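Contents: one structure, followed by commentary.
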Amino acid sequence: MPKKKNKSSISIKDILKGKFLVEEGSFGNWRFVFFLAALAFISISSSHWADKKVVKIRKLQREVSDLKSEYSDLHKSVMQSKMESFVAEKVLKDSIKKSTVQPYKLTQK
Numbered sequence: 018m019p020k021k022k023n024k025s026s027i028s029i030k031d032i033l034k035g036k037f038l039v040e041e042g043s044f045g046n047w048r049f050v051f052f053l054a055a056l057a058f059i060s061i062s063s064s065h066w067a068d069k070k071v072v073k074i075r076k077l078q079r080e081v082s083d084l085k086s087e088y089s090d091l092h093k094s095v096m097q098s099k100m101e102s103f104v105a106e107k108v109l110k111d112s113i114k115k116s117t118v119q120p121y122k123l124t125q126k
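At position 97 of the sequence shown the residue is numbered 114 (our numbering), and the sequence of numbers has no breaks.
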């Protein structure tokens, strides 16, 4: 006499054949399959979203680094242009020389 299968005993062979999706009362199984598919979709979507954010952060970090080096170069040139020797060298081309006479202060009486 063949053995009767219990409703709760499902073998791996039955799962691989997909019998649990076509038997009576398989609506709950289909809901679970759709739930797992939705979870997989959400997981993949969030992974792609996080990857996009990482790429954007790296791009912004490179841009910040470039701007910092540009600032450093500009700051250096501004500081050099304020130096007395640099200014004297520039005005020498226009035949302007440093005064040898001590400046004096005007006061009002």
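In this text, a Cβ means the ideal position worked out from N, Cα and C, and glycines have one as well. Just so we're clear, the structure is a prediction, and the values are computed from it rather than from any experiment.
C-beta contact flag for residue i and residue j at 8 Å
| i | j | result |
| --- | --- | --- |
| Phe37 | Ile27 | yes |
| Lys115 | Ala105 | yes |
Same chain, Cβ closer than 8 Å to residue i, five either side skipped, listed in chain order
| i | result |
| --- | --- |
| Ser43 | Phe37 |
| Leu53 | none |
Which of helix, strand or coil DSSP assigns to residue i
| i | result |
| --- | --- |
| Asp111 | coil |
| Ile27 | coil |
| Gln97 | helix |
| Glu40 | coil |
| Leu123 | coil |
| Gly1 | Residue 1 is absent from the model: the chain starts at 18 and stops at 126. |
| Ser116 | coil |
| Met18 | Its pLDDT being 48, under 50, Met18 is placed unreliably in this model, and the value from its coordinates should be taken loosely. Note: Met18 maps to coil in three-state DSSP. |
Residue i at chain B interface by Cβ criterion, 8 Å
| i | result |
| --- | --- |
| Asp31 | Chain labels in this structure do not include chain B; a single protein chain is all it has. |
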